[in-house]
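There are 2 protein chains.
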Amino acid sequence: MAVGLGRSLDYKLIAGIRLAAVKSKIRYPDKLDLVLIELTENASVSGVYTQNTFCAAPVALAKAHTQNSIPRYFLINTGNANAGTGESGKVSALRCCQKIADLAGVSVQEVLPFSTGVIGEHLPVKKILAAAPTVFADLSESSWVEAAEGILTTDTRPKLVSVQLEIGGKQVSITGIAKGSGMIKPNMATMLSFIFTDADIESTVLDEFLHDAVEKSFNRITVDGDTSTNDCCMLVATGKSDVSINKLSTHDYCQFKAALESLFITLATELIKDAEGASKFITITVASGASSLECRRVAYSIAESPLVKTALFAEDPNWGRILAAVGRSGLENLDLQSITIDLGSVRIVSGGGVDPSYLEEMGQVAMQKDEIIISVSLNRGNFSESVWTSDLSHEYISINSDYRT
Amino acid sequence: MAVGLGRSLDYKLIAGIRLAAVKSKIRYPDKLDLVLIELTENASVSGVYTQNTFCAAPVALAKAHTQNSIPRYFLINTGNANAGTGESGKVSALRCCQKIADLAGVSVQEVLPFSTGVIGEHLPVKKILAAAPTVFADLSESSWVEAAEGILTTDTRPKLVSVQLEIGGKQVSITGIAKGSGMIKPNMATMLSFIFTDADIESTVLDEFLHDAVEKSFNRITVDGDTSTNDCCMLVATGKSDVSINKLSTHDYCQFKAALESLFITLATELIKDAEGASKFITITVASGASSLECRRVAYSIAESPLVKTALFAEDPNWGRILAAVGRSGLENLDLQSITIDLGSVRIVSGGGVDPSYLEEMGQVAMQKDEIIISVSLNRGNFSESVWTSDLSHEYISINSDYRT
Chain A
1 MAVGLGRSLD YKLIAGIRLA AVKSKIRYPD KLDLVLIELT ENASVSGVYT QNTFCAAPVA
61 LAKAHTQNSI PRYFLINTGN ANAGTGESGK VSALRCCQKI ADLAGVSVQE VLPFSTGVIG
121 EHLPVKKILA AAPTVFADLS ESSWVEAAEG ILTTDTRPKL VSVQLEIGGK QVSITGIAKG
181 SGMIKPNMAT MLSFIFTDAD IESTVLDEFL HDAVEKSFNR ITVDGDTSTN DCCMLVATGK
241 SDVSINKLST HDYCQFKAAL ESLFITLATE LIKDAEGASK FITITVASGA SSLECRRVAY
301 SIAESPLVKT ALFAEDPNWG RILAAVGRSG LENLDLQSIT IDLGSVRIVS GGGVDPSYLE
361 EMGQVAMQKD EIIISVSLNR GNFSESVWTS DLSHEYISIN SDYRT
Chain B
1 MAVGLGRSLD YKLIAGIRLA AVKSKIRYPD KLDLVLIELT ENASVSGVYT QNTFCAAPVA
61 LAKAHTQNSI PRYFLINTGN ANAGTGESGK VSALRCCQKI ADLAGVSVQE VLPFSTGVIG
121 EHLPVKKILA AAPTVFADLS ESSWVEAAEG ILTTDTRPKL VSVQLEIGGK QVSITGIAKG
181 SGMIKPNMAT MLSFIFTDAD IESTVLDEFL HDAVEKSFNR ITVDGDTSTN DCCMLVATGK
241 SDVSINKLST HDYCQFKAAL ESLFITLATE LIKDAEGASK FITITVASGA SSLECRRVAY
301 SIAESPLVKT ALFAEDPNWG RILAAVGRSG LENLDLQSIT IDLGSVRIVS GGGVDPSYLE
361 EMGQVAMQKD EIIISVSLNR GNFSESVWTS DLSHEYISIN SDYRT
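Residue numbers (the UniProt record's numbering), protein chains in the order written: chain A, 1 to 405; chain B, 1 to 405.
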């Protein structure tokens, strides 16, 4: 299941980036499962990683490798997360990186490993080593769709998004891919996402761009409240467009930032539309809060309520469950009387109970849509936040009870 | 679905308590749905209530009524929660209380209302008023099974538990009933539970007993993380056994407290065994923590992970999901290397990864049991906590997508 038909896979090439994807049989016999991405020399690279204490071996290694070197290669496998594998997991990831380093004539620190899939099984190193020469030989500027497909696990469709903008009369492109449809509540990063631009951006500015964009996108989605061990989001600027983005040129900076954040939000919401078992795409907006934090607490309390999510799956306007989720979010001195809750354009709650104008049929119609907006107004401040989530369906249970079999 | 066959419904009468249950057609044509419990004059009564900000009308009224009066009657209906119903909800609850007060010749403040069922629909007051004379006339000392059945909603079986102990050569009895199988993460109280003893206990001591017992039982269970709007737990001491429990007689006090807490834990775990869609009863024990709080955080992070819960449903020893849940619980400076995780008697995680002795077959056998213990040792302190939960099954989705239809 997934919401809507998915986006077209139109995309812009990024000068300075080459990609390849091959079938290395890590878990399934006939799936693109090993992706290599080559970055031009001296690209700026910024990354954010999962805050799960048990971060996977490749995450630990990627963080270590970026301390002293500028990355030249991202090596990404699906089918195996190489998480919960202790010291031997790090050795396995390092061996795969070394193989690519040998083929490319770079140091092992210039190769960053990324893995996604089942936790707790040993990485099939031999299969990856055997496929490495092919994936290296296949590198091309145009293999974006293959790369977007090659990083998927339970996702039903690839996520590949581009934007192009004109800065100082020159074209600048941004293209990103992402994957992830379960164990999704990113905390500083999503399952896996790689975004590239041909703009020239120095590292500290790139770090800020990434932090701000993630905070508005991947850090505002939840499928099941489970933060993965392998979340990574990488932003790369190759500088090949000859357009430099810096804080001195305020207009260009803002224009680029807006385009970048829009692309991040598109990728993040694409993950939710293709969430495990998703039949609905839900936007939860909490407005007029006393702080961003309290808006987020209410929004996540709704977004992570199994009862709200099953009601959404059933297209049942059981708004009492939304009310209960707001009530249990732990906000101090919340005044029931002044809170309103809307389902799309239908006001359902006001004055501490059901709105006098509300009719069950109106709620029913609002719930039958594929994309639903739940709006809560706390009426006690000027902050607002939005969180995106999916419903909870039989298919989610099937996917997650069958995943390893 | 439910775990095991359920307990026998043996119980002890409590002198000073009379009960009745009738079919008033609140939601279904042929279900016991209205329960009246009469307390002897001058019983001690203690109560804890939901911390959901949007507490239901009957909860607000029950709290208000206990401020200045000693309760004589509990009036409990299922099929309708009378929550999210604003001021008119309070008026409805008050009218029902008044009817019982008129029949009994007591003041309206001596009647406490309790409701459970669908949130956001108006209480069918007329049906309750019509059934009131019958339920009042039917009061008897022996209608415990009927009362235990009459408070159920999606529960598949009644929960009725008794203990008897001898204090100073005299018999003391404690008998309790409870209901609740979804929207269960009580916070200071469970969905609905009523516990009675014939001991003589003054109010302040009774409050302490209730607080401590709830903290070890109903406040340690979760089905879906959703704290209800209607949770209430009432403890009543009728004093009819002529046995007085007070802090001066330390031995009797401790003996009674232990018996009471054991009964609370039995009722709470019975709720979990009959949780919506439950096929497994899971005990999560987190030991050797630096504080009770951090043990609870880890335990709830596991207990509320949809991925852990679907793996339990599938009998899949996908321990990586348990590891990930520990890792995302937000504990500072957690040392991976020293943590151990056991599934029953099988050590699965040590030294930051899978235990060297672990074999998939051992995990499989452990997962096939109806009752499973997940033990985590943090190895950094002397605190431990246990939380009880259920798995997440197709039936949970079915129940919660069909509930109102």
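All C-beta atoms, glycine included, are put in the ideal place defined by N, C-alpha and C.
Closest Cα partner of residue i within the set the options
i, options, result
"L336(A)", "N80(A), L323(A), E41(A), T78(A)", "L323(A)"
"G169(B)", "V111(B), D242(B), I374(B)", "D242(B)"
"A131(B)", "E141(B), C96(B), C233(B), L263(B)", "C96(B)"
"N333(A)", "V354(B), R72(B), N52(B)", "N52(B)"
"M362(A)", "D316(A), W388(A), S377(A)", "D316(A)"
"Q368(A)", "N318(A), G352(A), G353(A), E385(A)", "N318(A)"
"R72(A)", "G84(A), A83(A), S46(A)", "S46(A)"
"L267(A)", "T85(A), F196(A), R321(A), T229(A)", "F196(A)"
"K240(A)", "I201(A), P124(A), K247(A)", "I201(A)"
"G12(A)", "F74(A), V172(A), G120(A)", "Correcting the residue type first, residue 12(A) is Lys in the shown sequence and not Gly. It is V172(A)."
"D198(A)", "S69(A), L307(A), S44(A)", "S44(A)"
"V161(B)", "L152(B), T153(B), G176(B)", "G176(B)"
"Y253(A)", "T154(A), I245(A), A237(A)", "I245(A)"
"N42(B)", "S384(B), I373(B), G277(B), V236(B)", "V236(B)"
Below-8 angstroms beta-carbon distance, residue i vs any chain E residue
i, result
"A290(B)", "Of the protein chains in the structure, A and B, none is chain E."
Residue environment, residue i, which counts as buried when at least 16 other CB atoms sit within 10 Å
i, result
"L5(A)", "exposed"
"C233(B)", "buried"
"K159(B)", "buried"
"S140(A)", "exposed"
"L359(A)", "exposed"
"G353(B)", "buried"
Span of the beta strand (DSSP E) around residue i
i, result
"C233(A)", "232–237"
"T340(A)", "340–343"
"S241(B)", "First-last for S241(B): undefined, no H or E at that position."
"I348(A)", "346–350"
"F54(A)", "Run containing F54(A): none; DSSP gives neither H nor E here."
"F218(B)", "No beta strand (DSSP E) contains F218(B), which DSSP labels as neither H nor E."
As assigned by DSSP and simplified to three states, the class of residue i
i, result
"E166(A)", "strand"
"residue 413(B)", "Since the displayed chain B opens at 1 and closes at 405, residue 413(B) lies outside it and no answer follows."
"Y11(A)", "coil"
"D102(B)", "helix"
"F281(A)", "strand"
"N77(A)", "strand"
"E276(A)", "coil"
"K159(B)", "strand"
"T66(A)", "helix"
"K90(B)", "helix"
"T204(B)", "helix"
"M188(A)", "Low local confidence applies: a pLDDT of 37 at M188(A) is under 50, so the model's placement there is unreliable, and no value is given."
"V354(B)", "strand"
8 angstroms Cβ cutoff, residue i in contact with chain B
i, result
"L139(A)", "no"
"T85(A)", "yes"
"W388(A)", "no"
"G176(A)", "no"
"S393(A)", "yes"
"T229(A)", "yes"
"A314(A)", "yes"
"G351(A)", "yes"
"T310(A)", "yes"
CB contact check: residue i to chain A, cutoff 8 angstroms
i, result
"P306(B)", "yes"
"I195(B)", "no"
"S262(B)", "no"
"G381(B)", "no"
"I397(B)", "yes"
"T153(B)", "no"
"G117(B)", "no"
"N77(B)", "no"
"W319(B)", "yes"
"S401(B)", "yes"
"M188(B)", "Residue confidence for M188(B) is low, a pLDDT of 37 falling below 50, so the modelled location carries little weight and cannot support an answer."
"T66(B)", "no"
Residue span of the alpha helix (DSSP H) that contains residue i, given as start and end
i, result
"F136(A)", "125–137"
"R321(B)", "319–327"
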